[in-house]
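Position one of the sequence shown corresponds to residue 19 (this note's numbering), numbered consecutively onward.
C-beta: ideal position from N, C-alpha, C; glycine also.
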Amino acid sequence: MSRKILNYAASVPLSVQSGSTLIPNSPARLQLAGIGIFIPNTAAGANRVELTACVGILKNVSSSTGRIFFRIFRDGNEIFNGIQYTPSSGPPGAQTTTFAFETIDFNVPAGFHTYAVTVESLISVNSVAGPITFSGAAISTADILSNNQVLNYQAAVPRSVSVQGNPILLATSPSNTQLAGLGIFIPQSGSSPNRIQLKATVGVEGLTDTGTTVIFRMFRDGVEIFNEQLTLFLGSNDFNLSTMQTIDFNGSTGFHVYTVTAETSSGTSQAIGPISFSGWVIGADTQISPTLPNQVLDYAASVPRSVSLPGNPMVIPMTPARLQLAGLGIFIPVTPSGANRVQLTGTIGAQVLGGIGSAASQLIIRIFRDGSEIFNAPYALVNATFFNCFSVQAIDFNVPTGFHVYSMTIEVQTVIFNGVSQVIGPITLSGMVIGPLG
């Protein structure tokens with residue numbers, strides 16, 4: 019038994035940083051990207067549409083508080099929103115950051131639907147600098163008899179929007195607050211090898227002006243398999259859309275419960291939404307049909323670190339040197355032929371250290387295919403002792419037949435007040451090939 023991918027679409031207006039476009043002040047909005055998804059009659063009301071966006075934002079005015087508001091619409095009706103603080107260093111130089119977020123649309127009616135992602139400024143002057151990627155995968159909830167690589171798909175969306183009037187206060191370590199959970203069944207035929215790709219987006223708010231550290235964790239059947247840390251400050255970087263990914267390798271046959279939790283190790287914080295959690299179960303040795311459209315033609319993942327390890331950091335070098343974080347190999351078969359998309363998702367945990375609190379660095383993350391750069395994304399790592407975890411998404415279009423190597427690197431472009439930037443984990447990179455599109 020498996021699940022069928024009904025449709026897949028992606029839009030990449032910008033795959034790299036390129037100039038800037040001013041974001042209008044709310045309630046005006048700037049549309050970033052749009053895609054069309056078709057749901058056949060046979061799957062009407064029994065489907066999930068997983069939507070993922072990745073956007074690079076420039077805060078035009080340094081050393082000031084900035085906020086933006088992302089929204090996602092289906093056919094003009096809002097189905098998701100989230101507030102995001104926009105960071106910058108005191109002196110100019112570290113002001114551009116890439117944000118990724120995800121939501122899931124449940125039981126979409128039959129027919130063609132248009133999805134759009136927009137942004138608007140709430141505080142300060144902000145611009146879109148790139149990259150911009152937006153993707154949607156429609157998955158049937160019905161079990162089918164086939165050799166499709168998608169063995170199962172589950173999703174939970176406790177909150178699809180930011181609701182500041184009804185927050186969830188996060189517990190203090192060692193206690194935690196469960197935000198979402200999934201039940202995943204792995205059939206006997208797909209017990210090994212397989213990969214369970216887990217992604218979550220959580221909107222949080224820091225309530226302590228001296229700083230609060232939020233720890234996110236993922237569990238399988240009560241056993242921790244992933245964690246990351248994030249530092250928030252009331253009045254500055256107080257609102258954050260935290261998106262994270264991990265991959266669980268070779269899950270055993272049977273039913274498994276995955277959960278995502280959050281807690282504070284210091285200070286006070288709350289989850290305000292959105293909250294989404296999704297899991298793909300992908301078989302690694304299933305057969306590809308020569309005729310069916312929208313198949314997972316290949317899937318690969320690398321998880322050098324599944325947890326945050328501040329005591330075992332890797333120093334990020336200055337440009338033009340780069341630190342390679344992860345790599346994977348993807349094979350594009352000759353049959354079936356036609357258009358394909360390689361959806362690449364990375365998650366990185368980092369921190370900046372320095373002699374004073376304003377130490378910062380402007381980072382850039384790059385993704386390469388066979389040594390050629392296909393994507394880059396900025397990240398402003400600001401204020402010493404901050405924990406940061408960020409995700410990026412790249413889409414590679416119509417990749418030629420054969421074996422290809424993808425790699426993800428990171429480097430420092432600008433240093434403020436002698437900040438030393440380090441990767442502390444987690445580190446994940448995944449690649450999913452979907453095709454032929456139809």
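Between the C-alpha atoms of I445 and G129, what's the straight-line distance to the nearest angstrom? Locating residue 445 in the sequence shown gives position 427, counting from the first residue. Locating residue 129 in the sequence shown gives position 111, counting from the first residue. A direct Cα-Cα distance of roughly 38 Å separates I445 from G129.
Could you check if A395 belongs to the surroundings of the ligand COA, using beta carbon to heavy atom distance under 7 Å? This structure simply doesn't include the ligand COA, nor any ligand for that matter.
Beta bridge counterpart(s) of K77 as assigned by DSSP: Residue 77 sits at position 59 when you count from the first residue of the sequence shown. DSSP lists N144 as the bridge partner or partners of K77.
On the three-state DSSP scale, how would you describe T60? The residue given as residue 60 occupies position 42 in the sequence shown. The three-state reading of DSSP puts T60 in helix, counting H, G and I together.
Please go through the same chain and pick out, in chain order, the residues whose beta-carbon is closer than 6 Å to the beta-carbon of L327, but skip the five residues on each side of it. Here the question's residue 327 lines up with position 309 in the sequence shown. Same-chain partners within the cutoff: I442 and G443.
Between the stretch 181–197 and the stretch 277–288, do three or more beta carbon pairs fall short of 8 Å? Yes, the stretch 181–197 touches the stretch 277–288.
Taking just the CA atoms, how far does V126 sit from F435? Your numbering for residue 435 matches position 417 in the sequence shown. Your numbering for residue 126 matches position 108 in the sequence shown. Distance between F435 and V126, taken at the CA atoms: about 51 Å.
Between N459 and I452, which are expected to be in contact by the criterion C-beta below 8 Å, what is the C-beta distance as a whole number of angstroms? Not covered by the structure: residue 459. The range shown for the chain is 19 to 456.
Buried or exposed for V321, going by 16 or more other Cβ atoms inside 10 Å? As a working mapping, residue 321 is identified with position 303 in the sequence shown. V321 should be labelled buried.
DSSP three-state assignment for Q113, whether helix, strand or coil: As a position in the sequence shown, residue 113 is number 95, starting the count at 1. In the three-state reduction of the DSSP assignment, Q113 falls in the coil class, being assigned neither a helical nor a strand state.
Just to confirm my understanding: we take R89, look at its own chain, exclude 5 residues before and 5 after, and list those with CB closer than 6 Å. What are they? Residue mapping note: residue 89 aligns to position 71 of the sequence shown, counting from 1. E96, N99 and T136, listed in sequence order.
Candidates G364, P331, L362 and I383: closest to L371 by CA position: Position 353 of the sequence shown holds residue 371. Among G364, P331, L362 and I383, the Cα nearest to that of L371 belongs to P331.
In the DSSP assignment, the beta strand (DSSP E) including A378 goes from what residue to what residue? Walking along the sequence shown from the start, residue 378 turns up at place 360. Residues A378 to R387.
Using the three-state DSSP reduction, which class does Q167 fall into: helix, strand or coil? Translated into the one-based positions of the sequence shown, residue 167 becomes position 149. It is coil, neither helix nor strand.
Should the stretch 57–72 be called in touch with the stretch 227–239, which here means at least 3 C-beta pairs below 8 Å? Verdict: no, contact absent.
Here's the rule: buried if 16 or more other CB atoms are within 10 angstroms of the residue's CB, otherwise exposed. What is V179? In the sequence shown, the residue the question calls residue 179 occupies position 161. Its Cβ being crowded by 16 or more others within 10 Å, V179 is buried.
Does the beta-carbon of L187 have 16 or more other beta-carbons within 10 angstroms, so that it is buried, or is it exposed? As a position in the sequence shown, residue 187 is number 169, starting the count at 1. Exposed is the call here.
Output the distance between the C-alpha atoms of A155 and G253, rounded to the nearest integer angstrom. Counting from 1 along the sequence shown, the entry for residue 155 is found at position 137. Counting from 1 along the sequence shown, the entry for residue 253 is found at position 235. The alpha-carbon atoms of A155 and G253 are separated by roughly 37 Å.
Rounded to the nearest angstrom, what separates A280 and Q288 at their Cα positions? By 1-based counting over the sequence shown, the position of residue 280 is 262. By 1-based counting over the sequence shown, the position of residue 288 is 270. When only Cα atoms are considered, A280 and Q288 end up about 9 Å apart.
For the candidate residues S145, L343, S294 and G420, whose alpha-carbon lies nearest to that of L69? For the purposes of this step, residue 69 is identified with residue 51 of the sequence shown, where counting begins at 1. It is S294.
Just how far apart, CA to CA, sit T261 and V241? For the purposes of this step, residue 261 is taken as residue 243 along the sequence shown, with counting starting at 1. For the purposes of this step, residue 241 is taken as residue 223 along the sequence shown, with counting starting at 1. T261 and V241 have their C-alpha atoms spaced approximately 21 Å apart.
Would you call the stretch 344–352 and the stretch 391–406 touching, i.e. three or more CB-CB distances under 8 Å? Judged by Cβ distances under 8 Å, the stretch 344–352 makes no contact with the stretch 391–406, as fewer than three pairs qualify.
What is the rounded straight-line gap between the Cα of Q369 and the Cα of N406? On the sequence shown, residue 369 is found 351 positions in, with the first residue counted as 1. On the sequence shown, residue 406 is found 388 positions in, with the first residue counted as 1. The alpha-carbon atoms of Q369 and N406 are separated by roughly 6 Å.
When the Cα atoms are used, what is the spatial distance from E223 to L76? What you label residue 223 is simply residue 205 of the sequence shown in a count that begins at 1. What you label residue 76 is simply residue 58 of the sequence shown in a count that begins at 1. One C-alpha to the other measures close to 21 Å.
Of the residues V430, E246 and N268, the one placed nearest T115, counting alpha carbons only: As a working mapping, residue 115 is identified with position 97 in the sequence shown. The candidate whose alpha carbon is nearest that of T115 is V430.
Report buried or exposed for L40, applying the criterion of at least 16 other Cβ atoms within 10 angstroms of its Cβ. Mapped onto the sequence shown, residue 40 falls at position 22. Exposed is the call here.
Is the Cβ-Cβ distance between M426 and A344 less than 8 Å? Position 408 of the sequence shown, counted from the start, is the residue given in the question as residue 426. Position 326 of the sequence shown, counted from the start, is the residue given in the question as residue 344. In contact: M426 and A344 (Cβ atoms closer than 8 Å).
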